[in-house]
Each structure stands twice: as structure tokens, then as C-alpha cells.
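Novice:
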Ligand code: MIC
Ligand code: SF4
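In my numbering, the protein residues as written are 9 to 653.
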């Protein structure tokens, strides 16, 4: 029987288990990377495990999210990350070097390898033919400390691309937006999307990376493209042809599902507020006035994308009512644009050029105004994520963004009457790794420096025999980790201080949550009830860690997003799924629940009887944990489990 690409890579990295969907598999990992917003915790956790040096072949610590530095906190965190990287044997990518996923693609991603990143858009590396998976910080820390990476084997879905993208106005972004329209934000849960078919040949690595990057919004575990001549060309241009291996699916490879997408039929698409799957063709909503345009992010900030944007802007002026902000994805992209005079074209048009970082994508500045329409080439438009709850954020391709900045309204870029140059992939990128500090061989004199805002990782007590607690919140489907643990310029600086950040838990949904949870702590703690796909979006473990600190004991939902579910388990919170969906309807906010015999049920069939003490009935909920997950939950989480082995 032929094998698909995912099976080949997983089998080559297998430590135990097998690749049958649904079974547990342990994998050797080649690369782990962190970014600053999740990395402070990840490296504190690594330190708490007590290992001297990372045990994976490559570890990189990036700084790209927390870049505003409105006080000492971010700069202190950066110093901590730099000294921790030096102490523990990781590369350190300095602030200014760029967004982790773009830089990693340029300088480190390698076909056939497995990478973990403490960021949900780690699958960007799938554009290179790498299995690249987003995980929580603690998961990354244990793997860096030498543990295999354990995962429930996802189903492998083939996305078969036929035809050709109708360039230049239609881009890879329109492909993934089309898929999001078809499959929704839960369409990829429990799946890996493997791209294949004749249409693949037509796409270069950065286009592929746009698609795999935003595959995260499908809820997919990761997405991957074959490694072929285009991959080799990209690696050559990066001076890394030695990293190339060919990777393709065998004839007769089997897939759980096949989705056929004809690239010829794809048109410019746009995601409307407030979800990346609320997608329509741009022409359907043309004419709406635009206030802000933001181009960049890890989805669309490659040199080719930026060059195309510069070419559309050249000789024009940004519309009177529009603010245009551009953040190139990496120093490499930025420097190349500058040396070719392309940033000059952007500046002349009136663009505000930001540093190579996440910036407005995570609400670090450039928040839109009240009721404003913001058009972004980014990957998430969750409510309030931009920093303004009352704004309307749309997601579209970077060239369409440039056209809308010039025209001042939502417009299909094909109808804008603008010129665009024919863009070819460069044969040589400008390589200058002077902002990447390699690991040191002798670390004896390195001191890890911690500022006053860096606090220890809290650890949960052992699992209780019986959980009796109040339902503090009842929530709808698709709750994001941005809803649970907001980011933005006010909150992000507290990522290394759990007591401080916990005050913001669920802030945009219920401002009283944190204080109510604190109060409920003395009375058994709290429970949250969720709908489907609970915890989608970011990998931030703070969305589990901070609620745990506030006394959260269990989340009962219709279903969970993968990374958040793992983060809950890793921090000792019981994730339960309603056996019967109607029980979700019956339960109410402020109901008091009791779950008895927790450890025994966990060791047994994992079907819990939950008694609603307020309303006087019982219902069933299941935990569906694998052996390792049960064991670590019984010990109070992954940190105590790893330390006491
Ligand atoms: C995001 O896009 O939401 C982030 C910010 O990059 C997060 C990581 C974080 O919360 O620090 C992610 O995607 O995992
Ligand atoms: Fe940064 Fe935005 Fe990408 Fe997250 S989605 S890594 S915040 S650019």
C-alpha cells in the first residue's frame, strides 16, 4: 500500500505507537522554537524541569510579539530569553529579526523534519514539506528536555489542487480563505491537511506557507506540502540547498478524505467580522468604506508579497480616509525591500512602515477607531483582538489590501484599475544572520537574568477526589483563547507573571470573572461550560494556566480545540465532553455541580456522573484521555509529572 507524506515523516520519527488515526504516537522532534509571548513561560518551565541543556538538535528562541516596550517589562523579558537561550543551548533571534514563522521558514525549516513551536501558526513550516505543529509552552519544554512528543494520530486529508492560480490579483491567501469558507474553523479539527495534485507545482514555498499558516484557522493539527523543485529553488535562494530532500506521496497513497480544489475557479475572497471562516468573494461586499489597512503578519509578509504590494502602491497616494500600516515579516524581507527602493515606494504612497514583528495582528499598537473598518492581510479577526471591540476587522490578500488602501473602499482588486508588476521569486535572498545569536559551547559563566515582573510558574495541587464547584460562565461555540486570555498591549507584558495576568481572564466576555473566580476558590473553585471547538486559536497556555491559578477545576464542553485541550490537561484541569448535547442546554450559569470519584473514574471508563445540585439532576460527561494524559492529570499536570519521573 502506498504511503502519504505525513505517514512517511511520522514513521521516520516514531518512538512508539503507530500511525493509525486515533492511536497514540510518540515522536522524535528535530526542532523546537518559541516566541517571546509564550516563550518566557516555556523557558521558565524548562528551567523548572531542571535540565542543563536542550536535548533536541535545534532550538530557537524568537522575539517578535512583545515589542512595544512601554515600560521595563518587555525589555526585561527579552533579556531573560536571551540569557536563557545562552544558558540552555538555543539560538536567539533578536528583536528586529522578524516574525518567528517567517524567519524560521527562511533560515531553519527543513523538509522531512518535525518541528514544534509555541505558537499556533507553526504549521507555516508545512510550506517547506516539514511537519510543524503548534504546542503549549510546557509541551515544548518537556520535548526540549528530551521527552518524545506524544500526539493522537490525526486523520490525513488530501487537498488536491488542480489548475492554476489566476495571478496576479488572486493569491494563495484566496485559496485558504476559500477552504475556510468550505470547511469552517472546526473543519480541520483532528486532521492534517496534505496538499497534492498538479496545482502544487505552480506554487512557490512562500505561497504554500501562506496556506499552511492559515490552516491553523481550520483547526487542523498541521498542513503540509510536498518537497519538490520549488522547495529546492527556495532553499537554494536561502543558501541552504543542503537541507533539501524530495518528499512526495506514493502512488496509491490513502487518505481519510479527499477534497478537490480547482485553482482556476478561485477569486479574491475576504473574511468578514468576526471569524476567519465568515468568507465571501470580495465583489459581494464591494463599496464599503475603509478606515485602516494593515499588511503583513506571519501569513502574508514574504518578500514576494511585499514586492507586489509596493508595486501596486507605486505612484499612488493612500486614500484620504485610510491609514495604511505595513510590517515586513523579517529583517531579510525588510532589508531587501529597502535596498531595492521598495520601502521608498511604500513611504511615498503614505504607508506607515512598522518594524518586522507581529504588531497590530496581536493588538500591539495600531488599534482601529470606534466602528472603523480595518482590512488586514492577517489570519485572525476575532472580536476585540485588534484592541478595539467596536471595530470591524476583515481579512484578505495583501494585494487586495493595497488596492483598498488606494481606493478607500472594499474593492475586488481586478476592478481597481491599478497596475501590478509581474513578480518572480528571487534566485538569491539577502542572507545576513547577524541578529541570530548561536548557542554557546561553554555556558559556565552565563547567568539567567530575571526582571521583577518574571514570576515562578504556579503548580496545581493533586487532582481532588471530588470536585464541587460553581459554573461561573456558560459560553457558545468557537470560544477562542483570545476570549479566555486576551492579548494586546495592556495584557501581553504580563505573560511572565501569572498572578498579574490572571486578572484579565475572560475580560472581554465578563469583567467580573476574575474576581468571582478568586472568591469561588475558597468554596471549591470554578467550572466553565463551553460549546463546540472550545479554545480555538492561539496556543497560549496562559489560557489554561491563569484560569488554573484562579481555581478552575474543570471545563465541560461539546468539543475542544486540540492545543487548548492539551494545555488544560497539562495544567491539571479536567476537560469533559457532554455525552448528550441536550445537557448543554439544561445547565445554567451559577449552577453548582459535583463530580465524585474523580481519580477512580479517570482510571476506569472515564465516564463521569455530574450532579447538578442547583437544578437536581445528573448527567454524563467523558474525559477521553489517553494513558499518559490520565497519569499526568492524576499528578496535577505535566510539570509535576515530568519532575517526579
Ligand atoms: C496569535 O496569533 O494569537 C499568537 C499571539 O501568535 C498566539 C501565541 C500567543 O498567544 O502568544 C498563537 O497563535 O499561538
Ligand atoms: Fe504574530 Fe499574528 Fe502570526 Fe500570531 S498570527 S504569530 S500574532 S503575526
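Cβ coordinates follow ideal geometry from the N, Cα and C atoms, glycine included.
1) What residue from 287, 293, 85, 201 has the CA that sits closest to residue 267's CA?
2) Just to confirm before moving on: does the CB-CB distance between residue 480 and residue 535 stay below 9 Å?
3) Does any heavy atom of the ligand SF4 sit closer than 8 Å to the C-beta of residue 306?
4) In or out: residue 301 buried (at least 16 other Cβ within 10 Å) or exposed?
5) Cα separation between residue 26 and residue 162?
6) Which runs of the beta strand (DSSP E), 3 residues or longer, sit entirely within the segment 372 to 409?
7) Does DSSP put residue 13 in a helix, in a strand, or in coil?
8) Say whether the segment 303 to 321 touches the segment 362 to 371, bearing in mind that this needs 3 or more beta-carbon pairs closer than 8 Å, one atom from each stretch.
9) Could you please give the first and the last residue of the uninterrupted beta strand (DSSP E) stretch that includes residue 625?
10) What is the chain-ordered set of residues for which the beta carbon lies under 5 Å from any non-hydrogen atom of the ligand MIC?
11) With distances taken between CB atoms, is the gap from residue 128 to residue 547 smaller than 9 Å?
12) Within the present structure, is the beta-carbon of residue 387 separated from the nearest heavy atom of the ligand SF4 by less than 8 Å?
13) Can you give, in chain order, each stretch of the beta strand (DSSP E) that sits fully within the segment 504 to 587 and has at least 3 residues?
14) Within the present structure, is the beta-carbon of residue 107 separated from the nearest heavy atom of the ligand SF4 by less than 8 Å?
15) Give me the residue from 561, 340, 32 with the minimum Cα distance to residue 160.
16) Any heavy atom of the ligand SF4 inside 8 Å of the beta-carbon of residue 550?
17) Which runs of the beta strand (DSSP E), 3 residues or longer, sit entirely within the segment 283 to 362?
18) Should residue 292 be labelled buried (16 or more other beta-carbon atoms within 10 Å of its own) or exposed?
19) Hey, is the segment 260 to 274 in contact with the segment 234 to 246, meaning 3+ C-beta pairs nearer than 8 Å?
20) So what does DSSP say about residue 27, is it helix, strand or coil?
21) With 16 other CB atoms within 10 Å as the buried threshold, where does residue 30 fall?
22) For the alpha helix (DSSP H) holding residue 145, just list the boundary residues, first then last.
23) Three-state secondary structure (DSSP) at residue 634?
24) Check this for me: beta carbons of residue 147 and residue 646, under 9 Å apart or not?
25) Starting from residue 248 and walking both ways along the alpha helix (DSSP H), at which residues does that stretch end?
26) Between residue 488 and residue 387, what straight-line distance do the alpha-carbon atoms span, to the nearest angstrom?
27) Identify every residue that forms a DSSP beta bridge with residue 235.
28) For the beta strand (DSSP E) holding residue 611, just list the boundary residues, first then last.
29) DSSP three-state call for residue 493: helix, strand or coil?
Specialist: Looking at the atomic coordinates:
1) 201
2) yes
3) yes
4) buried
5) 11 Å
6) 381 to 384, 400 to 404
7) helix
8) yes
9) 625 to 630
10) 45, 46, 127, 128, 370, 546, 547, 548
11) yes
12) yes
13) 534 to 537, 560 to 565, 582 to 586
14) yes
15) 32
16) no
17) 287 to 289, 300 to 304, 331 to 335
18) exposed
19) no
20) coil
21) exposed
22) 145 to 152
23) coil
24) yes
25) It is not in any alpha helix (DSSP H) - residue 248 carries neither H nor E in the DSSP assignment.
26) 14 Å
27) 255
28) First-last for residue 611: 606 to 611, but that is the alpha helix (DSSP H), not the beta strand (DSSP E).
29) coil
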